[in-house]
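See below for the structure under consideration.
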Ligand code: TRP
């Protein structure tokens, strides 16, 4: 727990920072949300626009966020305030960090609901392994509609949903309460490499057994007519969600980075790893879905309903299914930890309380919203908190949290970040942090000043107007 001069913790090495940041980025966003969004938004056009957003918008914003954090060496609002002050600008810019911290808290509360589903499926495959044995397919002799019914079955059980949700949140809180080097870093350093090994095995398996050609065609055929404002907003939202951007997550992690870490290079590694995992997840899931004759637009059900059906047809299906969901669990945990860390760091630094107490306060709040999200699949399905806004008409509590954060907080947070870093903050201070030179530096500057904020604004308006 080496404390830096500012009295706050640091990653113990550059690779620990990279693993933690990649761990934050790679999660349910890649394995669950990306295939679901791609399928619901028509495939190719969404995917290619998503990649375009990652390179031209996500990557420059990512670098902007980590550099704000490292300059400030503090929680997100405080880091923004310090950079503003050092640049002789208004400290009111810290609102950018506060909004982000709040949004991270909102995301955390529904993220842990889905984390609970993953835990449920681990249980399902463990018991299946005992029932049907090692070598055969999963769920031997059971009807596919039965397997698809597992998720609605879980949804119908409010008590179980809440229990799993709170269990996942509690595990997240445990690691965050332990602090940066002995908690957060520990999860990343041990679980991320394990994730990558399991992930590669499953992707290779999917490529050889499923309908790979159809999946490639589906994911990478660009049909311009499908690129509506809504699809574009969904794609930007997904790019930000997946890269943990727009909501203070990467500012918080950047604050623990050492001076000698090259942030430009690190941002590149994070973006490549995250996008690579999303693409491979798509290429692992869709071949299986197509081979089983299932619909690509099954949305959130894709990972939880379609894949398990596919595991039925595979030798060692129960074991592969179990490995898959354990892997997703690890990825989700390294992300939820970062979602909890952003608000927790703010609370304990701001109110000068022990980390443990702040974790309990923030976690407690996320538990309340989590219960409401869990119940929006059953007892509260008809509760539409923002029903008066057309974009969120007939949207339950869970989907509202997801929609508001990905479609409003993230793009707005990113626009403000670009204006702040590109126009307000002192250029010398920025150049001191970004680790870029020459053409790369010029390109990054131009993207942050002009391209990103303008593109985001247009996409935001088009998306909101439908
Ligand atoms: N990026 C994570 C995922 O894809 C989710 C996540 C973690 C996140 N931290 C974040 C999203 C901060 C937004 C902001 O699963």
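Residue numbers (the working numbering): 124 to 589.
All residues carry an ideal CB built from backbone N, CA and C; glycine is no exception.
Euclidean distance between Cα positions of residue i and residue j
{"i": "residue 483", "j": "residue 309", "result": "20 angstroms"}
{"i": "residue 126", "j": "residue 332", "result": "Confidence at residue 126 is low in this model, with a pLDDT of 39, below 50, so its placement is unreliable and no value can be given for it."}
{"i": "residue 317", "j": "residue 260", "result": "24 angstroms"}
{"i": "residue 174", "j": "residue 398", "result": "8 angstroms"}
{"i": "residue 419", "j": "residue 210", "result": "50 angstroms"}
{"i": "residue 222", "j": "residue 200", "result": "8 angstroms"}
{"i": "residue 538", "j": "residue 567", "result": "15 angstroms"}
{"i": "residue 590", "j": "residue 563", "result": "With the chain represented from 124 up to 589, any question about residue 590 goes unanswered, as that position is not in the structure."}
{"i": "residue 213", "j": "residue 159", "result": "41 angstroms"}
{"i": "residue 560", "j": "residue 383", "result": "16 angstroms"}
{"i": "residue 253", "j": "residue 236", "result": "27 angstroms"}
{"i": "residue 198", "j": "residue 369", "result": "15 angstroms"}
{"i": "residue 485", "j": "residue 465", "result": "10 angstroms"}
{"i": "residue 586", "j": "residue 388", "result": "32 angstroms"}
{"i": "residue 410", "j": "residue 352", "result": "28 angstroms"}
{"i": "residue 344", "j": "residue 525", "result": "27 angstroms"}
{"i": "residue 256", "j": "residue 265", "result": "14 angstroms"}
{"i": "residue 575", "j": "residue 356", "result": "14 angstroms"}
{"i": "residue 167", "j": "residue 416", "result": "19 angstroms"}
{"i": "residue 471", "j": "residue 459", "result": "18 angstroms"}
{"i": "residue 381", "j": "residue 281", "result": "45 angstroms"}
{"i": "residue 468", "j": "residue 375", "result": "8 angstroms"}
{"i": "residue 535", "j": "residue 496", "result": "24 angstroms"}
{"i": "residue 299", "j": "residue 347", "result": "44 angstroms"}
{"i": "residue 481", "j": "residue 498", "result": "26 angstroms"}
{"i": "residue 269", "j": "residue 428", "result": "10 angstroms"}
{"i": "residue 338", "j": "residue 224", "result": "37 angstroms"}
{"i": "residue 394", "j": "residue 367", "result": "10 angstroms"}
{"i": "residue 556", "j": "residue 140", "result": "16 angstroms"}
Integer Cβ distance of residue i from residue j, believed to fall under 8 angstroms
{"i": "residue 202", "j": "residue 195", "result": "2 angstroms"}
{"i": "residue 528", "j": "residue 229", "result": "5 angstroms"}
{"i": "residue 291", "j": "residue 330", "result": "About 30 angstroms; that fails the 8 angstroms criterion."}
{"i": "residue 506", "j": "residue 515", "result": "Not really, about 12 angstroms apart at Cβ, beyond 8 angstroms."}
{"i": "residue 289", "j": "residue 247", "result": "Not really, about 19 angstroms apart at Cβ, beyond 8 angstroms."}
{"i": "residue 114", "j": "residue 377", "result": "With the chain represented from 124 up to 589, any question about residue 114 goes unanswered, as that position is not in the structure."}
{"i": "residue 185", "j": "residue 390", "result": "5 angstroms"}
{"i": "residue 287", "j": "residue 239", "result": "3 angstroms"}
Close beta carbons around residue i, own chain, < 8 angstroms, minus the five adjacent residues each side
{"i": "residue 325", "result": "407, 443, 446, 447, 450"}
{"i": "residue 297", "result": "306"}
{"i": "residue 580", "result": "538"}
{"i": "residue 278", "result": "284, 500, 501"}
{"i": "residue 578", "result": "179, 180"}
{"i": "residue 489", "result": "228, 231, 232, 235, 292, 463"}
{"i": "residue 517", "result": "507, 510"}
Exposure label - residue i; buried when at least 16 CB within 10 Å
{"i": "residue 530", "result": "buried"}
{"i": "residue 155", "result": "buried"}
{"i": "residue 216", "result": "buried"}
{"i": "residue 598", "result": "In the structure as shown, the chain starts at 124 and stops at 589, and residue 598 therefore has no counterpart that could be examined."}
{"i": "residue 545", "result": "buried"}
{"i": "residue 327", "result": "exposed"}
{"i": "residue 285", "result": "buried"}
{"i": "residue 573", "result": "exposed"}
{"i": "residue 426", "result": "buried"}
{"i": "residue 341", "result": "buried"}
{"i": "residue 430", "result": "buried"}
{"i": "residue 533", "result": "buried"}
{"i": "residue 379", "result": "buried"}
Chain-order list of residues whose beta-carbon lies under 7 angstroms from that of residue i (same chain, five-residue window excluded)
{"i": "residue 365", "result": "148, 152, 153, 157, 397, 401"}
{"i": "residue 385", "result": "558"}
{"i": "residue 553", "result": "190, 544"}
{"i": "residue 163", "result": "420, 422"}
{"i": "residue 315", "result": "142, 145, 146, 457"}
{"i": "residue 452", "result": "241, 242, 245"}
{"i": "residue 161", "result": "169, 170, 342, 405"}
6 angstroms CB neighbourhood of residue i in its chain, flanking five on each side removed
{"i": "residue 440", "result": "260, 261, 434"}
{"i": "residue 72", "result": "No information on residue 72 is available, as it lies outside the stretch 124 to 589 that the chain covers here."}
{"i": "residue 414", "result": "333, 334"}
{"i": "residue 358", "result": "169, 172, 173, 176"}
{"i": "residue 311", "result": "142, 143, 146, 457"}
{"i": "residue 128", "result": "Residue placement at residue 128 cannot be trusted, given a pLDDT of 39 that sits under 50; what the coordinates show is reported in the next sentence. Taken in chain order, the list of residues that qualify is empty."}
{"i": "residue 523", "result": "508, 509, 515"}
{"i": "residue 403", "result": "326"}
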